[in-house]
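Residues in the sequence shown are numbered from 601 upward in steps of one, following our numbering.
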Amino acid sequence: MSGKADSLKTIFFALGANFLIFVSKLTAALFTGSGALLAEAVHSLADCGNQVLLLWGMRQARKPPSPEYPLGRGREVYFWSFLVALMLFTLGGAYSLYEGVHKLLHPAPLSHAWLAVGVLVFGMVLEAASMRACLAEVAKVRDGRSLWRWFRESRNSELIVIFGEDLAALLGLALALLAVGATMLTGDPVFDAVGTIAIGMLLVVVAVFVAVEVKALLVGQGVEPETHRAIYAWLNACEEIRTVYSLITMQMGEDVMVAVKAEMDFSQRADALVGQINRVEAQLRQQFPQVRWIFFEPDDAD
601 MSGKADSLKT
611 IFFALGANFL
621 IFVSKLTAAL
631 FTGSGALLAE
641 AVHSLADCGN
651 QVLLLWGMRQ
661 ARKPPSPEYP
671 LGRGREVYFW
681 SFLVALMLFT
691 LGGAYSLYEG
701 VHKLLHPAPL
711 SHAWLAVGVL
721 VFGMVLEAAS
731 MRACLAEVAK
741 VRDGRSLWRW
751 FRESRNSELI
761 VIFGEDLAAL
771 LGLALALLAV
781 GATMLTGDPV
791 FDAVGTIAIG
801 MLLVVVAVFV
811 AVEVKALLVG
821 QGVEPETHRA
831 IYAWLNACEE
841 IRTVYSLITM
851 QMGEDVMVAV
861 KAEMDFSQRA
871 DALVGQINRV
881 EAQLRQQFPQ
891 VRWIFFEPDD
901 AD
């Protein structure tokens, strides 16, 4: 079984890095007039807002169950994660595309270009540190899977979003550095405008991929396939259960709901059958601590 990632630490790390990067990018953009740098500054500011929204979503998701929300509010974090993906698409991607087209139609020379280069390198160092912290948490739950497979199968929306943001930020900084460098070498500001447009397209693509993954969780996904197989195998190995007819799981933020339909020994008294079911549920929670709700249906046919 995989470990548990610390999404909260990852978000705080990313928030601190993005705020420092935003301040440095904005200062350099105002001095140099670089559209690519201004687009990157807006991107970093959007990332800061995104991380605040993720923190708020995680706080809301931890509220206890109530008559109005009998299964808790764990899935609320998916809503805020989806909103973050939309913000990355609009505030980051759409603005960068607008700024790039504007610069393309109205080119202006760069000033203090070396300042822009210094800020971009500084930003890459901070973003690399943030990505390293994110990957360290991903490694706890990846279980040898490729990053792409983990991204597609993960049920941790916060980690998906932070990974997507960090990846987009690193690639965006590299594009901005190339754009500014080409402008410095040639003296043609069109390269800066093209770099800004490329950054916008990159952010839109990453935002779409993140939104698709989080949307699946928002609609209602079960646990990761490996975890589902592990729960199914464990239930089948229980001496109290003869046959597992069906196993339905639902990811509810950090918690999991499980519904089981299984054949039991109906020759025993009702109180003994109830005792067996209670033991299975207790042992299941002990084996899989993320399981919070269990609905067990004993039956003699599927």
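Cβ coordinates follow ideal geometry from the N, Cα and C atoms, glycine included.
According to DSSP, simplified to helix, strand and coil, what is PRO825? helix
Start-to-end residues for the alpha helix (DSSP H) that takes in THR796: 790-819
Using a Cβ-Cβ cut-off of 7 Å (strictly less than) and excluding sequence neighbours within five positions of ALA605, which residues of its own chain qualify? GLU737, VAL738, LYS740, VAL741, ASN756, LEU759
Indicate the three-state DSSP secondary structure (helix, strand or coil) for PHE888 in the structure shown. PHE888 falls in the coil class under three-state DSSP.
Please identify the residue among LYS815, LEU626, GLU640, LEU653 whose C-alpha is closest to the C-alpha of LEU608. When each option's Cα is compared against that of LEU608, the closest is LEU653.
Cutting at 6 Å between CB atoms, please list the residues of its own chain near GLU826, excluding the five before and the five after it. none
Mind checking ASP647: buried by the 16 CB within 10 Å criterion, or exposed? buried
Taking its Cβ as the centre, do 16 or more other Cβ atoms sit within 10 Å of ILE903, making it buried, or is it exposed? As displayed, the chain neither begins before 601 nor continues past 902, which places residue 903 out of reach and without an answer.
Tell me whether the region 873-890 and the region 790-810 touch, counting them as touching only if at least three CB pairs, one residue from each stretch, are closer than 8 Å. Touching, no, given that fewer than three Cβ pairs across the two stretches are closer than 8 Å.
Determine the DSSP secondary structure at GLN883, reduced to helix, strand or coil. Here GLN883 carries a helix assignment [DSSP, helix/strand/coil].
Mapping DSSP to helix, strand and coil, what is GLN851? If DSSP states are grouped into helix, strand and coil, GLN851 belongs with the strands.
Separation of VAL780 from GLU668, as counted between CA atoms: 54 Å
Can you give me the C-alpha to C-alpha distance between ALA776 and LEU720, rounded to a whole angstrom? Approximately 8 Å, taken between the alpha carbons.
Counting only the same chain and skipping the five closest in sequence on each side, list residues whose C-beta sits under 6 Å from that of VAL806. GLY764, ALA768
Please list, in chain order, all residues of the same chain as PHE682 whose beta carbon is under 7 Å from its beta carbon, the five residues on each side excluded. ALA811, VAL814, LYS815, LEU818
Can we say the region 890-901 touches the region 859-867, given the rule of at least three CB pairs closer than 8 Å? yes
CB of GLN851 within 8 Å of CB of GLN821, strictly: yes
Please classify ASP899: does DSSP put it in a helix, a strand, or coil? In the three-state scheme derived from DSSP, where H, G and I count as helix and E and B as strand, ASP899 is classed as strand.
For a test of your reading of the model: does the CB of ARG659 fall under 7 Å from any non-hydrogen atom of the ligand ZN? Yes or no. For the structure depicted, the ligand ZN is absent and the ligand set is empty, with no information on it obtainable.
Bridge partners for SER846 per DSSP, in chain order? LYS861
With GLY718 as the anchor, note down where its alpha helix (DSSP H) starts and where it stops. 713-742
Under 8 Å by Cβ, that's how I've got MET864 and GLU881 pegged, so tell me the actual separation to the nearest angstrom. Not quite, the Cβ-Cβ distance comes to about 13 Å (not below 8 Å), so this is no contact.
Buried or exposed for GLY723, please, with buried defined as at least 16 other CB atoms from any protein chain shown within 10 angstroms of its CB. buried
LEU671 to VAL623, Cα distance in whole Å? Distance between the alpha carbons of LEU671 and VAL623 is about 42 Å.
Please state the DSSP three-state secondary structure of GLU760. Before going on, a small fix: residue 760 reads as Ile here, not Glu. In this structure, ILE760 counts as helix in the three-state DSSP scheme.
Burial state of VAL823, where buried means 16 or more other Cβ atoms lie within 10 Å: buried
Mind checking which residues open and close the alpha helix (DSSP H) that includes ALA614? 607-632
By DSSP's criteria, VAL856 is part of a beta bridge. Which residues make up the other side? GLN851, VAL891
Given a threshold of 16 other Cβ atoms within 10 Å of its Cβ, counted over all protein chains shown, does ARG675 qualify as buried or as exposed? The residue in question, ARG675, is buried, as its Cβ has 16 or more Cβ neighbours within 10 Å.
From LEU686 to TYR678, what distance separates their C-alpha atoms? 12 Å
What does the Cβ neighbour count give for TRP656, buried or exposed, with the cut at 16 atoms within 10 Å? exposed
For ALA713 versus THR786, is the C-beta spacing smaller than 8 Å? no
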